[in-house]
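Student:
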Amino acid sequence: MNFAAKLFMILGVQIALISGATSQENTVVSAANDPDAIADGTNVVGDKDIAEAWLINPTTRYPHFVLGADYEPSGIRVRLKTGEILSLALDDEFVFEDRVARMADLDGDGRDEIIQVMSSQQKGASLAIFSIKDGALVLKTRTSFIGRSSRWLNPAGIADFNGDGVLDIALVQMPHLVKRLELWTLDDGRLVRISDAQNYSNHKLGSPFLGLSAVADFNGDGIDDLAILKGNYSSVSLLNFADGGVDEFANYAIEGVVRKDFELNKTEKGWRLEIGLASGENFSLDIVPDHY
């Protein structure tokens, strides 16, 4: 094996990452034929330097299991546009409490970053940003860990929410307890929180469904908004961040118990939001920008 070990000091915490080619990578060409890929993961296809990214190497070393399965992934693997395969493995202290290898160009350099929920066994979750540097997957930056084991966060959307031309990341800190929505942006290589609001959630404890939110320009002002559940899961709110704060400009009661991810489709007049219910039916909401 040709491992290159890298030790990063981020916000005072040492995180050992192992990156480089392995014998397994010699036969992997995509997530579809990777025996290390997690069974319930979502691989993401990119259109910049990274062609595909997915989570690998399930482990039971952090038994929080907030997503219902008795494992968490402990590594990332990517296929570059060149066809090269790169991998990153976390040190034993850490896991990814996640199922999606999200990709977005957060700093506008024409290359994608990978956005993950990375958790410490001792200090809980953080939002971590990874990138390709000198031919290896590396940790670019992260938020502080929550500070206590078995405390988690869930990303809600990635978009230019405040209209400044830079992509932001919406997330919910502790969606089962604190239920605090936060907006973060990458500024000079570091993640900075730019707004927050209380009493929102995008996950139910023990559920495999991470996508209880949706992003689109719902009010027609040319800037993306966020649809997300209120903290009691009984209604869905539409939020705008254009003025630097959090403006809840609409709220709709949901008839039924929310269970599945949001599904958003474009219509002739606006958007249709479909929310899967425990009954097997969908709650449907037609969103027309002219109404706001």
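Residue numbers (this note's numbering): 1090 to 1381. We put the beta carbon where it would ideally sit given N, CA and C, even for glycine. None of the values given here were measured: they were computed from a predicted structure.
Excluding the 5 residues preceding and the 5 following Asp1375 in the sequence, name in chain order all residues of the same chain whose CB lies nearer than 6 Å to its CB.
Tutor: Within the same chain, Asp1375 has close Cβ partners Arg1361.
Student: Would you mind listing the beta strand (DSSP E) stretches within the stretch 1225-1311 that are 3+ residues and don't spill past its ends, in chain order?
Tutor: With a minimum length of 3 residues, the continuous beta strand (DSSP E) runs that stay inside the stretch 1225-1311 are 1225-1231, 1242-1248, 1257-1262, 1269-1276, 1279-1287 and 1302-1305.
Student: Helix, strand or coil for Pro1152, going by three-state DSSP, please let me know.
Tutor: Note: Pro1152 maps to coil in three-state DSSP.
Student: Just the C-alpha distance for Glu1161 and Lys1319, rounded to the nearest angstrom, thanks.
Tutor: Straight-line Cα distance between these residues: approximately 27 Å.
Student: Measuring CA to CA, which of Val1255, Phe1372, Pro1147 and Glu1141 is closest to Ile1127?
Tutor: Ranking the options by Cα distance to Ile1127, first place goes to Pro1147.
Student: By the three-class DSSP mapping on this structure, what secondary structure does Asn1371 have?
Tutor: Reduced to three states, the DSSP call for Asn1371 is strand.
Student: Decide if Ile1165 is buried, meaning its Cβ has at least 16 other Cβ atoms within 10 Å, or exposed.
Tutor: Answer is buried; the Cβ neighbour count reaches 16.
Student: What are the uninterrupted segments assigned as beta strand (DSSP E) that are 3 or more residues long and contained completely in the stretch 1317-1377, given in chain order?
Tutor: Correct list: 1324-1329, 1336-1342, 1347-1355, 1360-1366 and 1371-1376.
Student: Can you name the residues that DSSP bridges to Ile1203?
Tutor: Its beta-bridge partners are Met1192 and Phe1219.
Student: At a Cβ threshold of 8 Å, is Ser1233 touching chain C?
Tutor: Looking for chain C here will not work: only one protein chain is present.
Student: Indicate whether Leu1214 and Val1206 have their beta-carbon atoms separated by less than 8 Å.
Tutor: It should be pointed out that residue 1214 corresponds to Ala in this sequence rather than to Leu. Their beta carbons are under 8 Å apart, which means Ala1214 touches Val1206 by this criterion.
Student: From the DSSP output, in three-state form, read off Asp1198 for me.
Tutor: Asp1198: coil per DSSP, three-state reduction.
Student: Which one or two residues does DSSP pair with Asp1125 in a beta bridge?
Tutor: Answer is none; Asp1125 lacks a bridge partner.
Student: With DSSP as the reference, please indicate the residues paired to Gly1213 in a beta bridge.
Tutor: Answer by DSSP bridge pairing, in chain order: Ser1209.
Student: Please say whether Ala1286 and Leu1270 have beta carbons closer to each other than 8 Å?
Tutor: Yes, the pair counts as a contact, with Cβ atoms nearer than the cut-off.
Student: Is it buried or exposed, Ser1112, if we count other Cβ atoms within 10 angstroms and call 16 or more buried?
Tutor: Here the model assigns Ser1112 a pLDDT of 42, short of 50, so the residue's position is not dependable, and the following value carries that caveat. Ser1112 comes out exposed.
Student: Cβ atoms of Ile1235 and Lys1268: under 8 Å apart, would you say?
Tutor: Contact flag unset, no.
Student: Please list the terminal residues of the continuous beta strand (DSSP E) segment that includes Val1167.
Tutor: Glu1161 to Leu1169 is the extent of the beta strand (DSSP E) around Val1167.
Student: Where does the unbroken beta strand (DSSP E) through Ala1178 begin, and where does it stop?
Tutor: It spans Ile1174 to Leu1179 - the beta strand (DSSP E) in which Ala1178 sits, taken as one unbroken run.
Student: Quick one: does the C-beta of Pro1264 sit closer than 7 Å to a heavy atom of the ligand MG?
Tutor: Among the components of this structure there are no ligands whatsoever, and the ligand MG is therefore not found.
Student: Between the alpha carbons of Gly1359 and Ile1312, how many angstroms are there, rounded?
Tutor: Using only the alpha carbons, I get a separation of about 14 Å.
Student: Can you tell me whether Ser1112 is helix, strand or coil according to DSSP?
Tutor: Reliability fails at Ser1112, whose pLDDT of 42 lies under 50, so the model's placement of it is uncertain and no value is given.
Student: Smallest Cα separation from Arg1348: which of Tyr1322, Asn1340 and Arg1282?
Tutor: Minimum Cα distance to Arg1348 is reached at Tyr1322.
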